[in-house]
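Participant:
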Amino acid sequence: MNITSLSRLAMLGAACIVAQSASADIMLNFAEKPSADSVVVSRVLISDLTAGPKTRNAPMVTDTISIQGLTATIPVTDEGDARYRIAMADAPAATRDYFIDFYTSPGDNIQVAVEAVDPMLYKVSGTPLMDGIAQINAALEPSEEQLMKIQNGQLPPTAFAEVAKTYDRILMDYIEANPTAPATVYAMISLDDEPFEKYYAQMNPALASTPLFPFLKADKERRDEQKILEAKKQALSTGTTPAPEFTLEDINGKQVSLADFRGKWVVLDFWGSWCIWCIKGFPELKKTYAQYDGKLEVIGIDCGDTKEAWKAAVAKYKLPWVNLYNPDKPGNLTQVYPVQGFPTKIIISPEGNIMNIFTGEVPEFYTRLAELIK
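The numbering of the sequence shown is the working numbering, which starts it at 3 and goes up by one.
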């Protein structure tokens with residue numbers, strides 16, 4: 003439940019049967035003639051996606067394939083295991099509701115039965131991996147519907163724990179019943195931390211040769227790093243640990259140091275123009291900044307942007323506080339401070355000590371700030 007997974011593989015009752023090609027192909031079969039006469043196909047090698055932290059910059063190959071009648075035929079790359087995304091050429095948005103998402107290996111023959119394109123409803127089949135993922139997603143569908151109701155306020159937040167328990171139980175049942183199946187890796191990645199560690203320790207060695215194993219390995223490394231960061235975060239949040247000093251460039255090119263604000267409460271806001279929740283939190287942060295005028299300084303620390311994108315975002319969202327550019331290089335502030343996700347907000351006392359660290363846009367940050375600034 004802690005991964006952005008494949009877009010939903012809709013399980014439709016009567017899928018079209020498509021003859022398997024003699025070559026390694028992806029066969030798209032449309033239930034009815036779409037308005038577009040072509041599809042846009044993007045693919046990226048899994049080895050590139052998992053090569054390091056810069057997955058957003060992984061090389062992607064894009065092509066346009068014509069639709070012949072109700073069918074489009076797309077060759078499967080022989081370069082290695084890959085992730086494909088396919089959208090109609092006239093798709094209104096590049097969101098999960100409008101593309102087909104799946105994985106291939108060299109030699110695979112994949113069938114995609116497309117029932118609708120607005121939004122995209124489809125079924126992927128033809129390989130043990132994709133058949134297994136479809137089976138998992140079908141079993142998870144009731145739980146995901148409940149999670150959506152919780153998110154939309156149709157069910158109380160207190161229902162989350164029981165839904166999450168059911169969700170993980172479904173994944174664990176699949177893992178236990180299919181210890182060597184390629185889709186078991188997909189199920190493991192979707193587990194919460196405690197069961198993940200259990201099943202990772204018991205993992206069948208055969209899974210190391212399955213297409214999605216690089217994702218599992220990277221996920222394990224990420225979880226281990228988060229544990230270290232969480233321990234560091236707890237150790238720092240005592241009110242007695244001095245905040246690490248730094249000097250960065252502000253929006254006007256001036257060098258600004260944390261020490262410049264000694265005597266005031268300070269909030270370090272680690273954010274990026276690409277971070278939706280960072281941006282959603284700006285209105286409330288602006289209110290708080292105005293409320294504690296003279297007592298509080300907010301220091302926005304940009305992460306993961308070019309300098310041009312950072313400046314444009316500061317202007318676009320009219321951020322009234324101090325804004326500093328954090329170069330994306332080894333030793334930057336996200337490594338000095340325990341930044342686990344975005345936004346991260348760190349409260350620093352007038353004496354320069356770290357009081358609390360909050361990951362995500364959470365109301366607890368504002369509650370704690372109000373307790374501290376009286």
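Glycine residues also receive a C-beta, built at the ideal position from the N, C-alpha and C atoms.
Whether or not the region 273-284 and the region 231-244 are in contact is what I'm after, with contact meaning three or more pairs of Cβ atoms, one per stretch, closer than 8 Å; do they touch?
Facilitator: no
Participant: For residue 76 and residue 28, which I take to be in contact (beta-carbon distance under 8 Å), what is that distance rounded to the nearest angstrom?
Facilitator: The residue given as residue 76 occupies position 74 in the sequence shown. The residue given as residue 28 occupies position 26 in the sequence shown. 4 Å between Cβ atoms; contact.
Participant: Measure the Cβ-Cβ separation of residue 176 and residue 160 and say whether it is below 8 Å.
Facilitator: For the purposes of this step, residue 176 is identified with residue 174 of the sequence shown, where counting begins at 1. For the purposes of this step, residue 160 is identified with residue 158 of the sequence shown, where counting begins at 1. With contacts defined by Cβ atoms closer than 8 Å, residue 176 and residue 160 do not form a contacting pair.
Participant: For residue 184, count the other beta carbons within 10 Å of its own beta carbon; 16 or more makes it buried, fewer makes it exposed. Which is it?
Facilitator: Your numbering for residue 184 matches position 182 in the sequence shown. Counting Cβ neighbours within 10 Å, residue 184 comes out buried, since at least 16 surround it.
Participant: Roughly how many angstroms lie between the CA atoms of residue 281 and residue 126, to the nearest whole one?
Facilitator: Here residue 281 refers to the residue found at position 279 of the sequence shown. Here residue 126 refers to the residue found at position 124 of the sequence shown. Looking at the two C-alpha atoms, the distance is approximately 35 Å.
Participant: Grab the span of the alpha helix (DSSP H) containing residue 366 for me, first residue to last.
Facilitator: What you label residue 366 is simply residue 364 of the sequence shown in a count that begins at 1. Per DSSP, residue 366 belongs to the alpha helix (DSSP H) from 365-374.
Participant: Quick one: what does DSSP say residue 161 is sitting in, helix, strand or coil?
Facilitator: What you label residue 161 is simply residue 159 of the sequence shown in a count that begins at 1. Residue state, collapsed to three classes: helix.
Participant: Using a Cβ-Cβ cut-off of 8 Å (strictly less than) and excluding sequence neighbours within five positions of residue 375, which residues of its own chain qualify?
Facilitator: What you label residue 375 is simply residue 373 of the sequence shown in a count that begins at 1. Correct list, in chain order: 267, 294, 297 and 298.
Participant: Going by Cα to Cα distance, which pick from 30, 50, 181 and 194 is closest to residue 90?
Facilitator: For this step, residue 90 is matched to residue 88 along the sequence shown. Comparing Cα-Cα distances from residue 90 to each of 30, 50, 181 and 194, the minimum goes to 30.
Participant: By the 10 Å Cβ neighbour count, where 16 or more other Cβ atoms means buried, how is residue 360 classified, buried or exposed?
Facilitator: Here residue 360 corresponds to residue number 358 of the sequence shown, with the count starting at 1. When all chains shown are included, residue 360 counts as buried.
Participant: How would you label residue 179, buried or exposed, when you count the other beta carbons within 10 angstroms and need 16 or more for buried?
Facilitator: Locating residue 179 in the sequence shown gives position 177, counting from the first residue. With fewer than 16 other Cβ atoms from the protein chains shown falling within 10 Å of its own Cβ, residue 179 counts as exposed.
Participant: Under the three-state reduction of DSSP, which class applies to residue 74: helix, strand or coil?
Facilitator: Here residue 74 is taken as the residue at index 72 of the sequence shown, counted from 1. Strand.
Participant: From residue 132 to residue 106, what distance separates their C-alpha atoms?
Facilitator: Locating residue 132 in the sequence shown gives position 130, where the first residue counts as 1. Locating residue 106 in the sequence shown gives position 104, where the first residue counts as 1. If I take the Cα positions, the gap works out to 9 Å.
Participant: Can the beta-carbon of residue 333 be found less than 8 Å from the beta-carbon of residue 362?
Facilitator: To locate residue 333, count along the sequence shown from 1; it is residue 331. To locate residue 362, count along the sequence shown from 1; it is residue 360. No. Outside cutoff.
Participant: What would DSSP say about residue 1, mapped onto helix, strand or coil?
Facilitator: Because residue 1 is not part of the residues shown, which for the chain are 3 to 376, the question remains open.
Participant: Can you round the beta-carbon distance between residue 52 and residue 216 to whole angstroms, since I take them to be within the 8 Å contact cut?
Facilitator: Residue 52 sits at position 50 when you count from the first residue of the sequence shown. Residue 216 sits at position 214 when you count from the first residue of the sequence shown. 4 Å between Cβ atoms; contact.
Participant: What are the start and end residues of the beta strand (DSSP E) that includes residue 41?
Facilitator: Here residue 41 corresponds to residue number 39 of the sequence shown, with the count starting at 1. Taken as a continuous stretch (DSSP letters only), the beta strand (DSSP E) holding residue 41 covers 40-47.
Participant: Which same chain residues, not among the five before or five after residue 170, have their C-beta less than 8 Å away from its C-beta?
Facilitator: Numbered from 1 along the sequence shown, position 168 holds the residue referred to as residue 170. In its chain, beyond the 5 residues on either side, 3, 193, 194 and 197 have a beta carbon closer than 8 Å to the beta carbon of residue 170.
Participant: Hey, which unbroken runs of the beta strand (DSSP E) at 3 residues or more fall wholly within the region 60-118?
Facilitator: 63-68, 73-77, 84-90 and 101-106
Participant: Going along the chain, which residues of its own chain have a beta-carbon closer than 8 Å to the beta-carbon of residue 182, five neighbours each way excluded?
Facilitator: Stepping through the sequence shown from its first residue, residue 182 is reached at position 180. If we look at residue 182 and ignore the five residues flanking it on each side, its Cβ neighbours are 206, 208 and 209.
Participant: Scan the region 258-335 and note each continuous beta strand (DSSP E) run of 3 residues or more that stays entirely inside, going in chain order.
Facilitator: 267-273, 298-304 and 324-327
Participant: With H, G and I counted as helix, E and B as strand and the rest as coil, what does DSSP make of residue 37?
Facilitator: Here residue 37 is taken as the residue at index 35 of the sequence shown, counted from 1. Residue 37: coil per DSSP, three-state reduction.
Participant: Taking only three categories from DSSP, how would you classify residue 353?
Facilitator: Counted from its first residue, the sequence shown places residue 353 at position 351. Residue state, collapsed to three classes: coil.
Participant: Write down the C-beta distance between residue 222 and residue 202 rounded to the nearest angstrom, noting that I regard them as a contact closer than 8 Å.
Facilitator: Walking along the sequence shown from the start, residue 222 turns up at place 220. Walking along the sequence shown from the start, residue 202 turns up at place 200. Residue 222 to residue 202, Cβ: 6 Å. Contact.
Participant: Span of the alpha helix (DSSP H) holding residue 201?
Facilitator: Looking up residue 201 in the sequence shown gives position 199. Looking at the DSSP string, the run of the alpha helix (DSSP H) that includes residue 201 is 195-203.
Participant: Whose C-alpha, out of 92, 256, 124 and 87, is nearest the C-alpha of residue 63?
Facilitator: What you label residue 63 is simply residue 61 of the sequence shown in a count that begins at 1. For residue 63, the nearest C-alpha among the options comes from 87.
Participant: Report yes if the C-beta distance between residue 243 and residue 67 is below 8 Å; otherwise report no.
Facilitator: By one-based count along the sequence shown, residue 243 stands at place 241. By one-based count along the sequence shown, residue 67 stands at place 65. Contact flag unset, no.
Participant: Excluding the 5 residues preceding and the 5 following residue 312 in the sequence, name in chain order all residues of the same chain whose CB lies nearer than 7 Å to its CB.
Facilitator: Sequence index remark: in the sequence shown, residue 312 carries index 310 (1-based). Only 275, 304 and 327 meet the Cβ criterion.
Participant: Where does residue 253 fall in DSSP's three states?
Facilitator: Looking up residue 253 in the sequence shown gives position 251. Correct three-state label for residue 253: coil.
Participant: Taking Cβ positions, are residue 121 and residue 78 nearer each other than 8 Å?
Facilitator: Your numbering for residue 121 matches position 119 in the sequence shown. Your numbering for residue 78 matches position 76 in the sequence shown. No, the pair does not count as a contact, with Cβ atoms beyond the cut-off.
Participant: Can you say whether residue 348 is buried or exposed, counting buried as having 16 or more other CB atoms within 10 angstroms of its CB?
Facilitator: Along the sequence shown, one-based indexing puts residue 348 at 346. It is buried - the Cβ of residue 348 has at least 16 other Cβ atoms within 10 Å.
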